[in-house]
Structure formats: C-alpha cells, structure tokens
Amino acid sequence: MSGRESTAQKVFACVVCIFGFLTAIANIGTSLYYLAVMPRLPEPVTGRIYLAGVAFNTGVYVNKGEFAWLNFLHYDMICVVGISVVLLAIFVIIPKARRKGRL
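Every position in the sequence shown, counted from 1, becomes a number in this note's numbering once 13 is added.
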C-alpha cells in the first residue's frame, strides 16, 4: 500500500468521524433546545402546528421551517452518516483487517 492511499484512507476516516460527531451534536442539541423552548400545545397564531417528537419521547409543536430542519437532521443527515460508515468499513476497515490477517 502506498503512502498516498494510506493518507487518503486516514483523511476519509477523519472526515466521516467529524461529520458523524457534528451530526450527533446538532441532533441532540436541536432536540434538547426544542424540548426546552417549544410549546407542548399547538399555536396557530405563531405557525407552530407541526407535532415533532424530541428528547425523552416528548411531543412539541414547531413551525414549518423548524420541522424541516428536524426532518433534515433525523433523515437526511443520518442516512449520509450511515452510508459513510458503510463505505468506511468497505474501503478502510475491512482491507486493513485483511492485510493484518484478521479476516
């Protein structure tokens, strides 16, 4: 294995880890923020009519933009992180284990 390939694998692994960590922090932070600030009953005047599940299985009402952000974190970003982890396993972790004779 060349040094360039090893460096590329390390960079990819670092990017996946950082991306996953930031996604987790954003998801947890948003959920806890919504839990503390958002109303538990709908407020049609402020547009908070979308029921969103946040931390500790609690339902709060958010507006359309806040609901879109929560859906983006829960579905889009988690899918990207999941696919990245699978690619990390396929292209970095498994080949390294095979070279060391563990697989």
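Every residue, glycine too, gets a C-beta built ideally from N, C-alpha and C.
Residue i: first and last residue of the uninterrupted alpha helix (DSSP H) it sits in
| i | result |
| --- | --- |
| VAL98 | 91-101 |
| ALA65 | Premise fails: ALA65 lies in the beta strand (DSSP E), 63-67, not in any alpha helix (DSSP H). |
Assigned exposure category for residue i - 16 Cβ within 10 Å defines buried
| i | result |
| --- | --- |
| TYR74 | buried |
| ARG112 | exposed |
| TYR88 | exposed |
| VAL50 | exposed |
Distance CB(residue i)-CB(residue j) smaller than 8 Å
| i | j | result |
| --- | --- | --- |
| ALA110 | LEU101 | no |
| SER97 | PHE34 | no |
| ARG61 | ASN76 | yes |
| THR20 | LEU83 | no |
| LEU48 | PHE69 | yes |
| ILE106 | THR36 | no |
| GLY78 | GLY72 | no |
Bridge partners - residue i, DSSP secondary structure assignment
| i | result |
| --- | --- |
| GLY114 | Answer is none; GLY114 lacks a bridge partner. |
| GLU56 | ARG61 |
Boundaries (first-last residue) of the beta strand (DSSP E) holding residue i
| i | result |
| --- | --- |
| GLY72 | 71-75 |
Residue i at chain C interface by Cβ criterion, 8 Å
| i | result |
| --- | --- |
| VAL50 | The chain inventory of the structure shown lacks chain C, comprising one protein chain alone. |
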